[in-house]
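J.: Per UniProt numbering, the very first residue in the sequence shown carries number 1; after that it's consecutive.
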Amino acid sequence: VIYEQEGVFIHSSCGKNDDQDSLIAGILRVIEKENEVVVDWRPLDETLDTSNILCAGKDSSSVVEWTQTPKEKCSRGADRPSSYEAEWDMVTTVSFKKKPHSNGDATTHANGESEWSFLFSLTDLKSIKQNKEGMGWSYLVFCLKDDVKLPALHFHRGDSKPLIKCLEKHVALNESPHDERVLLVKTQKSLSQSFENLFDESSYGLLQKWKKDPYIVTMGKFSKVTNYIVGSLRSSDTSNQRRPPSEMADFLNDTIPGLKINQQEEPGFEVITRIDLGKQPEVSRREPVSAEEWAKNMDSEGRILDVDYIKRLIFKGGLCHTLRKEAWKFLLGYFPWNSTKEERANLQKRKTDEYFRMKLQWKSVSEEQEKRNSRLRDYRSLIEKDVNRTDRTNKFYEGEDNPGLILLHDILMTYCMYDFDLGYVQGMSDLLSPVLYVMENEVDAFWCFVSYMDQMHQNFEEQMQGMKTQLIQLSHLLRLLDSGFCSYLESQDSGYLYFCFRWLLIRFKREFSFQDILRLWEVMWTELPCQNFHLLLCCAILESEKQQIMDKHYGFNEILKHINELSMKIDVEYILCKAEAISMQMMNCKELPQTVSEILGIENSSVTPDSDTGEDESGAELSCPTSLYQSVSPAVIAANGTRDSAQQTAETQSLAPA
Numbered sequence: 001v002i003y004e005q006e007g008v009f010i011h012s013s014c015g016k017n018d019d020q021d022s023l024i025a026g027i028l029r030v031i032e033k034e035n036e037v038v039v040d041w042r043p044l045d046e047t048l049d050t051s052n053i054l055c056a057g058k059d060s061s062s063v064v065e066w067t068q069t070p071k072e073k074c075s076r077g078a079d080r081p082s083s084y085e086a087e088w089d090m091v092t093t094v095s096f097k098k099k100p101h102s103n104g105d106a107t108t109h110a111n112g113e114s115e116w117s118f119l120f121s122l123t124d125l126k127s128i129k130q131n132k133e134g135m136g137w138s139y140l141v142f143c144l145k146d147d148v149k150l151p152a153l154h155f156h157r158g159d160s161k162p163l164i165k166c167l168e169k170h171v172a173l174n175e176s177p178h179d180e181r182v183l184l185v186k187t188q189k190s191l192s193q194s195f196e197n198l199f200d201e202s203s204y205g206l207l208q209k210w211k212k213d214p215y216i217v218t219m220g221k222f223s224k225v226t227n228y229i230v231g232s233l234r235s236s237d238t239s240n241q242r243r244p245p246s247e248m249a250d251f252l253n254d255t256i257p258g259l260k261i262n263q264q265e266e267p268g269f270e271v272i273t274r275i276d277l278g279k280q281p282e283v284s285r286r287e288p289v290s291a292e293e294w295a296k297n298m299d300s301e302g303r304i305l306d307v308d309y310i311k312r313l314i315f316k317g318g319l320c321h322t323l324r325k326e327a328w329k330f331l332l333g334y335f336p337w338n339s340t341k342e343e344r345a346n347l348q349k350r351k352t353d354e355y356f357r358m359k360l361q362w363k364s365v366s367e368e369q370e371k372r373n374s375r376l377r378d379y380r381s382l383i384e385k386d387v388n389r390t391d392r393t394n395k396f397y398e399g400e401d402n403p404g405l406i407l408l409h410d411i412l413m414t415y416c417m418y419d420f421d422l423g424y425v426q427g428m429s430d431l432l433s434p435v436l437y438v439m440e441n442e443v444d445a446f447w448c449f450v451s452y453m454d455q456m457h458q459n460f461e462e463q464m465q466g467m468k469t470q471l472i473q474l475s476h477l478l479r480l481l482d483s484g485f486c487s488y489l490e491s492q493d494s495g496y497l498y499f500c501f502r503w504l505l506i507r508f509k510r511e512f513s514f515q516d517i518l519r520l521w522e523v524m525w526t527e528l529p530c531q532n533f534h535l536l537l538c539c540a541i542l543e544s545e546k547q548q549i550m551d552k553h554y555g556f557n558e559i560l561k562h563i564n565e566l567s568m569k570i571d572v573e574y575i576l577c578k579a580e581a582i583s584m585q586m587m588n589c590k591e592l593p594q595t596v597s598e599i600l601g602i603e604n605s606s607v608t609p610d611s612d613t614g615e616d617e618s619g620a621e622l623s624c625p626t627s628l629y630q631s632v633s634p635a636v637i638a639a640n641g642t643r644d645s646a647q648q649t650a651e652t653q654s655l656a657p658a
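1) So, using beta-carbon positions, are CYS416 and TRP362 closer together than 9 angstroms?
2) Leaving out the 5 sequence neighbours to the left and right, which residues in its chain are closer than 6 angstroms to LEU536 when beta-carbon positions are compared?
3) Looking at the structure shown, is TYR498 part of a helix, part of a strand, or coil, going by DSSP?
4) With DSSP run on the structure shown, which of helix, strand or coil describes MET568?
5) Tell me whether the beta-carbon of residue 735 lies closer than 9 angstroms to the beta-carbon of LEU140.
6) Drop a sphere of 10 angstroms on the beta-carbon of GLN585, count the other beta-carbons inside from all chains shown, and report buried for 16 or more, exposed for fewer.
7) Excluding the 5 residues preceding and the 5 following TRP137 in the sequence, name in chain order all residues of the same chain whose CB lies nearer than 8 angstroms to its CB.
8) Does DSSP classify ALA25 as helix, strand or coil?
9) Please classify ASP444 as buried or exposed, where buried requires at least 16 other C-beta atoms within 10 Å of its C-beta.
10) Going residue by residue through the segment 268-349, where are the continuous beta strand (DSSP E) segments of at least 3 residues, counting only ones entirely within it?
11) Go ahead and pull the three-state DSSP assignment for ARG157.
12) What distance in whole Å lies between the Cβ atoms of PHE499 and TYR437, which are believed to be in contact at a cut-off of 8 angstroms?
13) Identify which residue in ILE549, GLU573, TYR355 has its Cα closest to the Cα of GLU565.
14) Confirm, please, whether the CB-CB distance from VAL289 to GLY317 is below 9 angstroms.
15) Can you tell which of LEU576, MET524, ALA152, GLU36 has its C-alpha closest to the C-alpha of GLY26?
16) Quick check: the Cα distance between TYR418 and LEU150, rounded to an integer number of angstroms?
17) Skipping 5 residues on each side, what residues in its chain have a beta carbon closer than 7 angstroms to that of ILE570?
18) Please return the same chain residues whose Cβ sits closer than 8 angstroms to the Cβ of LEU431, not counting the five positions on each side in sequence.
19) What residue from ASN441, ARG380, GLN470 has the CA that sits closest to ILE2's CA?
20) Among MET413, ILE411, ASN388, whose alpha-carbon lies nearest the alpha-carbon of ASN402?
21) From this set, GLN463, TYR554, ALA327, which residue's C-alpha is nearest SER494's C-alpha?
22) For GLN547, does the count of other Cβ atoms within 10 angstroms reach 16, so buried, or fall short, so exposed?
23) Is it right to say SER235 is buried, meaning 16 or more other beta carbons lie within 10 angstroms of its own, or is it exposed?
24) Less than 8 angstroms between C-beta atoms, sequence neighbours within five positions excluded: which residues of the same chain meet that for MET568?
25) So, with DSSP's three-state summary, where would you put ARG42?
26) Within the same chain, show all residues whose beta-carbon is closer than 8 angstroms to that of GLN473, passing over the 5 residues directly before and after it, in chain order.
27) Thinking C-alpha only, which one of ILE406, LEU305, VAL30 is nearest ALA121?
28) At the level of alpha carbons, what is the spacing between SER176 and ILE128?
29) Grab the span of the beta strand (DSSP E) containing LEU422 for me, first residue to last.
30) Throw me the rounded Cβ distance for the ASP386 and GLN426 pair, which I believe falls under 8 angstroms.
31) What are the boundary residues of the beta strand (DSSP E) that VAL8 is part of?
32) Decide if LYS279 is buried, meaning its Cβ has at least 16 other Cβ atoms within 10 Å, or exposed.
33) Among the candidates CYS589, LEU331, LEU497, ILE575, whose CA atom is the shortest distance from the CA of GLU527?
34) Express the C-alpha separation of ARG42 and ALA345 in angstroms, rounding to a whole number.
35) Note down, in chain order, each residue of its chain lying with its Cβ closer than 6 angstroms to the Cβ of PHE315, except the 5 sequence neighbours on either side.
36) Relative to the C-alpha of ILE24, which residue among HIS321, HIS11, GLU36, PHE446 is closest?
Below is the structure:
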């Protein structure tokens with residue numbers, strides 16, 4: 001239920017004496033189902049069954065299973081699960097459950113009220129007529145596409161504006177040019193360059209959802225999008241099988257405003273297509289960093305001796321699972337690399353207090369307050385929906401009454417207090433889930449998630465600036481790597497790389513198994529061997545699939561379908577090796593285009609195949625690719641006693657981040 005309003009009346013005897021029998025009180029709901037959104041009005045059963053009083057076992061979150069209250073007074077705290085944050089629990093919430101109504105069953109209601117019930121899908125809605133402002137209580141009339149007009153609904157409590165706002169999230173409503181009181185549902189009339197108008201009317205609702213929430217559509221309805229796209233873009237006329245690349249660029253540009261994917265004919269790319277990157281080098285990976293290796297790189301006070309060295313080890317092999325709980329806090333920026341064990345303990349204490357102050361803010365909001373805070377209500381609703389479907393096959397989150405689900409919910413709600421402007425956007429639960437799984441601690445997981453969201457923030461902003469930038473950057477990299485493949489994708493109307501959208505949005509979370517994602521993310525968090533390594537991972541996956549896509553002459557629809565079906569079938573170690581090899585190719589290129597250099601954060605002067613000394617003529621250190629593969633760490637030698645402690649301290653300080 002995404003909208004619910006009581007006090008919505010049907011006036012069954014308009015124009016007669018205003019007696020009680022002429023008014024039928026009811027509840028109006030907008031219900032989001034798997035494949036559609038429906039509007040439902042039913043008469044209100046004024047009787048209340050007191051045996052159906054419900055109380056929450058822990059708090060007011062719907063994530064916690066509601067249990068029926070025994071006849072005696074509900075005891076607070078007696079049967080609550082013990083929890084280290086139990087003192088932060090608020091007063092138990094109690095709500096009342098109305099008797100359920102069955103659809104169209106006249107015997108369930110007295111006075112024949114059920115004959116007025118109605119329910120319709122938004123896909124059948126043609127228009128909405130409203131009364132003018134300031135003329136009594138608000139009312140509206142729904143008109144369906146078969147010209148059936150439903151009874152007028154009168155809003156005796158509040159007005160109809162929240163309903164209209166809710167409906168506009170799922171259908172486009174435009175004021176009629178002939179009557180300002182009438183809102184028309186926008187339908188397909190002609191082919192235009194706007195995204196939704198490239199599709200037939202039956203798919204309109206889904207495409208509206210894609211514009212509103214690309215995450216959910218790309219996660220759950222990818223195949224449906226594919227079918228709608230191909231049906232609209234491939235006309236039956238064989239002479240017009242393909243749309244021009246420029247028009248296809250506009251197609252996505254209207255969906256994500258500001259996105260400009262360069263097409264093959266753009267002159268600026270002619271130079272790039274002639275660059276020879278040479279053969280990809282062979283790359284191997286090592287075993288995960290062990291607890292012993294980690295301990296050897298730490299001094300007596302718990303300070304990391306050589307940050308660059310330990311990052312190189314993690315990049316090349318990842319971490320053994322027992323180390324992740326500690327090492328991820330450094331990789332994500334929660335713990336400073338140059339901090340001591342004591343400093344980290346003090347930091348955790350401060351952060352724990354700060355976390356629970358923010359958690360208290362949303363847990364202390366009363367039900368009445370929340371009724372007047374639509375944003376908080378919306379955030380809570382989205383979080384509860386997403387938490388209940390995030391990684392439920394993982395043992396940490398499976399089953400009912402799982403404490404992992406409660407923590408997932410509470411951390412996301414607290415993040416809304418931390419960043420209320422962004423709040424919660426669908427997809428963020430996917431980023432939190434592995435972090436909480438590793439940390440097994442609410443506070444540590446929250447602050448690590450905050451650090452991760454600092455990196456990912458732009459992906460979830462309303463203007464989608466992060467997604468625009470990454471798709472454009474990926475286009476540059478792929479064209480340098482394989483201009484022929486780019487040309488083929490463009491010839492199949494796929495040059496805008498839409499199929500990479502969900503890879504970028506939630507960092508491959510749905511493409512790899514849960515355990516592989518832990519490995520992939522910790523490698524990416526080292527920020528080695530260059531900036532935007534995740535874009536090179538995209539290139540590696542696409543290059544691996546290039547042969548099949550081109551040999552089998554996949555078209556627009558087949559490319560989308562093929563890429564979507566790669567989920568859970570990609571070898572993470574192979575892709576990491578391939579992406580690293582691509583990075584070495586590009587960093588060793590003497591004629592690397594300036595645009596690509598900026599994307600990868602490479603200094604042109606230092607990117608030469610023979611720059612293996614790490615120094616230029618003046619002796620200044622360079623960020624050359626070979627520095628990634630050094631096998632000996634000066635700071636580790638110092639820890640073994642071959643250098644004096646003063647020099648060791650100086651080296652450690654020089655490694656501290658600015």
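Ideal Cβ positions, reconstructed from N, Cα and C, are used throughout, including at glycine. Keep in mind it's a predicted model, so treat the numbers as computed, not measured.
T.: Looking at the atomic coordinates:
1) Along the sequence shown, one-based indexing puts residue 416 at 416. Along the sequence shown, one-based indexing puts residue 362 at 362. A contact, by the Cβ cut-off of 9 angstroms.
2) Translated into the one-based positions of the sequence shown, residue 536 becomes position 536. Hits under 6 angstroms: ALA579, ILE582, SER583.
3) Here residue 498 corresponds to residue number 498 of the sequence shown, with the count starting at 1. Helix, per DSSP.
4) For the purposes of this step, residue 568 is taken as the residue at position 568 of the sequence shown. Here MET568 sits in coil by DSSP.
5) The requested residue 735 does not occur in the structure, where the chain is confined to residues 1 to 658.
6) Numbered from its first residue, the sequence shown carries residue 585 at position 585. Buried is the call here.
7) By 1-based counting over the sequence shown, the position of residue 137 is 137. Excluding residues within five positions, the ones whose Cβ falls inside 8 angstroms are HIS154, PHE155, HIS156, ASP159.
8) What you label residue 25 is simply residue 25 of the sequence shown in a count that begins at 1. It is a strand residue.
9) Position 444 of the sequence shown, counting from 1, holds the residue named residue 444. Classification of ASP444: buried, given that the 10 Å Cβ count is 16 or more.
10) none
11) Working through the sequence shown from its first residue, we reach residue 157 at position 157. Of the three classes helix, strand and coil, the one that applies to ARG157 here is coil, per DSSP.
12) Taking the sequence shown and counting its residues from 1, one reaches residue 437 at position 437. Taking the sequence shown and counting its residues from 1, one reaches residue 499 at position 499. Not a contact, Cβ separation roughly 28 angstroms.
13) Taking the first residue of the sequence shown as 1, we reach residue 565 at position 565. Of ILE549, GLU573, TYR355, the residue nearest in Cα terms is ILE549.
14) Translated into the one-based positions of the sequence shown, residue 317 becomes position 317. Translated into the one-based positions of the sequence shown, residue 289 becomes position 289. In contact: GLY317 and VAL289 (Cβ atoms closer than 9 angstroms).
15) As a working note, residue 26 is residue 26 in the sequence shown. It is ALA152 whose Cα lies nearest to the Cα of GLY26.
16) For the purposes of this step, residue 418 is taken as residue 418 along the sequence shown, with counting starting at 1. For the purposes of this step, residue 150 is taken as residue 150 along the sequence shown, with counting starting at 1. Taking the straight line joining both Cα atoms gives about 45 angstroms.
17) Residue 570 sits at position 570 when you count from the first residue of the sequence shown. Cβ within range, chain order: GLU511, PHE512, ILE541.
18) Taking the first residue of the sequence shown as 1, we reach residue 431 at position 431. Around LEU431: PHE449, TYR452, MET453, MET456, ILE506, ARG507, LYS509.
19) Locating residue 2 in the sequence shown gives position 2, where the first residue counts as 1. That would be ARG380, whose Cα lies nearest to the Cα of ILE2.
20) Start at 1 with the first residue of the sequence shown, and residue 402 comes out as number 402. Out of MET413, ILE411, ASN388, ASN388 has the C-alpha closest to the C-alpha of ASN402.
21) Here the question's residue 494 lines up with position 494 in the sequence shown. Ranking the options by Cα distance to SER494, first place goes to TYR554.
22) Position 547 of the sequence shown, counting from 1, holds the residue named residue 547. So GLN547 counts as exposed.
23) On the sequence shown, position 235 is the one that residue 235 refers to. Its pLDDT being 38, under 50, SER235 is placed unreliably in this model, and the value from its coordinates should be taken loosely. SER235 should be labelled exposed.
24) Taking the first residue of the sequence shown as position 1, residue 568 is located at position 568. Closer than 8 angstroms at the Cβ level, and outside the excluded window around MET568, lie GLU511, PHE512, SER513.
25) Working through the sequence shown from its first residue, we reach residue 42 at position 42. The answer is strand: DSSP assigns ARG42 an E or B state.
26) Residue mapping note: residue 473 aligns to position 473 of the sequence shown, counting from 1. The residues are ASN532, LEU535, ILE599.
27) Taking the sequence shown and counting its residues from 1, one reaches residue 121 at position 121. According to the sequence displayed, residue 121 carries Ser and not Ala. The shortest C-alpha separation from SER121 is found at VAL30.
28) If you number the sequence shown from 1, residue 176 lands on position 176. If you number the sequence shown from 1, residue 128 lands on position 128. If you take the alpha carbons of SER176 and ILE128, they lie about 10 angstroms apart.
29) As a working mapping, residue 422 is identified with position 422 in the sequence shown. That residue, LEU422, is in no beta strand (DSSP E); it is neither H nor E in DSSP.
30) Here residue 386 corresponds to residue number 386 of the sequence shown, with the count starting at 1. Here residue 426 corresponds to residue number 426 of the sequence shown, with the count starting at 1. The Cβ separation is near 6 angstroms, so the contact holds.
31) Working through the sequence shown from its first residue, we reach residue 8 at position 8. Here the beta strand (DSSP E) through VAL8 covers 3-11.
32) Walking along the sequence shown from the start, residue 279 turns up at place 279. That one is exposed.
33) Taking the sequence shown and counting its residues from 1, the one referred to as residue 527 is at position 527. It is LEU331 whose Cα lies nearest to the Cα of GLU527.
34) In the sequence shown, residue 345 corresponds to position 345, counting from 1. In the sequence shown, residue 42 corresponds to position 42, counting from 1. C-alpha separation (whole angstroms): 57 angstroms.
35) Within the sequence shown, the letter at position 315 stands for residue 315. Only VAL523, THR526, LEU528 meet the Cβ criterion.
36) Locating residue 24 in the sequence shown gives position 24, where the first residue counts as 1. The shortest C-alpha separation from ILE24 is found at HIS11.
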